[in-house]
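Read the structure below first, then the notes.
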């Protein structure tokens, strides 16, 4: 299964309620003696342009027999949707397992869909299609369901009932195919002739690249992340890659975080394009595909990214995450990757083991040669690397100072980019000192700077910084940013009391003793209590949800009570919904106009506070 959040099953109550799992049920009922493996490659917020580039990694590597493709909710109708879906189709049809292909054509509850673009591709290649987008309204009408909104959790993601209808449509189509199957004595012969393409056929060959299968040719200020992406957080930081492909695109992340920033990106000498890593969406991190260039000449191209120094009023930071580089067309073979194991600063006459055993070829070619080199050394040093053409080499520095070593690996037809490590060698070391500063009194959702720049090392060794939160009140929440920089930032979004942070610094030889700082917060502005309300007969009811123009609140009071109604965003912004005050016992229905209240789109909590106790309900505003 290749698709977005609906394939992943974002809004289902349990995994077995996903359409993909319910579709597999049909196969298990028809063929009970056969074992079926479901590979669900749905990723939230992704479109077919991302899908065609991750097809090999997430689908073809499993050698599938049947692939179902679903991107009609996340795609934008038009040429790119057709080109990407045709790329997926043609790569699947030409794959050695000759998998069967089906399209699942979905839509949002308001009718938004790219199904028209996908349907053209499916019809051209004569693929079975589950056309939920065209057929679902008529189906539910005949079943007596008043509104298609009943099939969605938020207007975008089908709920359990929506998934049930999708699976019923699959069962119907599969039964039709099954009942009209030919009576075969021998296995059917696969027709390997593929129809001529109907688009530019840009994605006939694709490659998805991250930190695992490329090394930058230049890198100033960017780091690898645990997610195998590259992250830069400093104004002016640059990174350059040597890329082969006639079409080059990027996938980067957007996040609602004011420490996010922007980059300029360009290929060769082309005009830079600005990408923004910040957005106002509150549901999480999103993957964004952007095409940079098509119809490039064959051969190697330079891909450049540089973090911009200017900022907008929306954010204060520079963080930008490059998730993937996407190449297509004439992508060539992939050079091997040299992997140099970690080595640390050391004392004089220490024997260092240099390990390149994890070097590899993304094209599965054999590594035929390792080449270790001492690039620079202190004046007067005569030290050299031993066993320098093996995966394991050794180096014994006997002279104090700075050494730079490199590793390059080779296959039969290609070589890697050299990777470098620098070490400092000394006879003795002075323990570094971590210093933060005075304790801080702060407020909820205030950005707080933790400044460790007064830390020092008597030997002038370069310091690494490690910030941690070691204590916080119960039921509190916080975020810690830039935890490996001299200045870190924290935002405390809930809780009151003392939050304790520590800083340790490391000079390459030993850690400092920790220094500690406390941040004190008073009570938060609004108390959210999950316990059942004794003053209220029924829980808070909100309708419609999602809401576009107006929404209505309904609740009932048993006694005369002090009532306060507030709308709270997930970033902490509070909007008071008047009137508030003493209300008599009885049933209440209150309507609010979204435009009059000037409420932006997003996900909110409505808090109904009765006699200082609160109950909440989520509200989505479109």
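Residue numbers (our numbering): 1 to 622.
Cβ atoms here follow ideal geometry from the backbone N, Cα and C, with glycine treated the same way.
Does the Cβ of residue i have 16 or more other Cβ atoms within 10 Å, making it buried, or fewer, making it exposed?
i: residue 86; result: buried
i: residue 347; result: exposed
i: residue 484; result: exposed
i: residue 261; result: buried
i: residue 314; result: exposed
i: residue 587; result: exposed
i: residue 525; result: Interpretation of residue 525 is limited by its pLDDT of 36, a score under 50 that renders its predicted location unreliable; no figure is taken from the coordinates.
i: residue 70; result: buried
i: residue 130; result: buried
i: residue 284; result: exposed
i: residue 111; result: exposed
i: residue 54; result: buried
i: residue 16; result: exposed
i: residue 581; result: exposed
i: residue 533; result: Any answer about residue 533 is weak, because its pLDDT of 39 lies below 50 and its placement is not dependable; what the coordinates show is given next. Flag for residue 533 reads buried.
i: residue 179; result: exposed
i: residue 57; result: exposed
i: residue 358; result: exposed
i: residue 527; result: Because the pLDDT at residue 527 is just 36, under 50, the model does not fix this residue reliably, and the point stays unresolved.
i: residue 320; result: buried
Would DSSP call residue i helix, strand or coil?
i: residue 22; result: helix
i: residue 270; result: coil
i: residue 173; result: helix
i: residue 401; result: strand
i: residue 487; result: strand
i: residue 163; result: helix
i: residue 236; result: coil
i: residue 16; result: helix
i: residue 102; result: strand
i: residue 30; result: helix
i: residue 178; result: helix
i: residue 334; result: coil
i: residue 339; result: coil
i: residue 88; result: helix
i: residue 291; result: strand
i: residue 567; result: strand
i: residue 168; result: helix
i: residue 5; result: helix
i: residue 36; result: coil
i: residue 132; result: helix
i: residue 54; result: coil
i: residue 576; result: strand
i: residue 531; result: Caution is warranted here: a pLDDT of 36 is assigned to residue 531, below 50, making its placement in the model unreliable, and the coordinate value is therefore given only provisionally. Three-state DSSP puts residue 531 in coil, outside helix and strand.
i: residue 120; result: helix
i: residue 83; result: helix
i: residue 424; result: strand
i: residue 361; result: coil
Give the DSSP bridge partners of residue i, in chain order.
i: residue 158; result: 152
i: residue 554; result: 541 and 589
i: residue 207; result: 327
i: residue 372; result: 407
i: residue 471; result: 500
i: residue 265; result: 273 and 305
i: residue 138; result: Paired residues: none, contrary to the question.
i: residue 44; result: Beta-bridge pairing links residue 44 to no other residue.
i: residue 250; result: 290 and 325
i: residue 477; result: 494
i: residue 200; result: None, per the DSSP bridge assignment.
i: residue 223; result: 231
i: residue 66; result: 100
Am I right that residue i and residue j are in contact with their C-beta atoms under 8 angstroms? What's the rounded C-beta distance?
i: residue 125; j: residue 105; result: Between residue 105 and residue 125 the Cβ distance is about 14 angstroms, and since that is not below 8 angstroms, they are no contact.
i: residue 466; j: residue 421; result: Not confirmed; about 21 angstroms, so no contact.
i: residue 51; j: residue 1; result: No, residue 51 and residue 1 are not in contact; Cβ-Cβ is about 11 angstroms, not under 8 angstroms.
i: residue 372; j: residue 407; result: 6 angstroms
i: residue 243; j: residue 327; result: 6 angstroms
i: residue 76; j: residue 121; result: Going by Cβ atoms, the distance from residue 76 to residue 121 rounds to 15 angstroms, so no, they are not a contact pair.
i: residue 250; j: residue 292; result: 6 angstroms
Does the region 438 to 451 come close enough to the region 354 to 362 to have 3 or more Cβ pairs within less than 8 angstroms? no
Between the region 221 to 237 and the region 448 to 460, can you find at least three pairs of beta-carbon atoms closer than 8 angstroms? no
I want to know whether the region 394 to 402 touches the region 364 to 384 - three or more CB-CB distances under 8 angstroms. yes
Is the number of C-beta pairs between the region 514 to 521 and the region 350 to 360 that are closer than 8 angstroms three or more? no
Give a yes or no on contact between the region 328 to 342 and the region 301 to 313, applying the rule of three or more CB pairs nearer than 8 angstroms. no
The region 163 to 183 in contact with the region 133 to 144 per 3-pair CB rule at 8 angstroms: With the cut-off at 8 angstroms, the region 163 to 183 and the region 133 to 144 touch.
Okay, do the region 221 to 232 and the region 191 to 205 touch, 3+ Cβ pairs below 8 angstroms being the bar? Touching, no, given that fewer than three Cβ pairs across the two stretches are closer than 8 angstroms.
Inspect the CB distances between the region 274 to 290 and the region 24 to 39 and report whether three or more fall short of 8 angstroms. no
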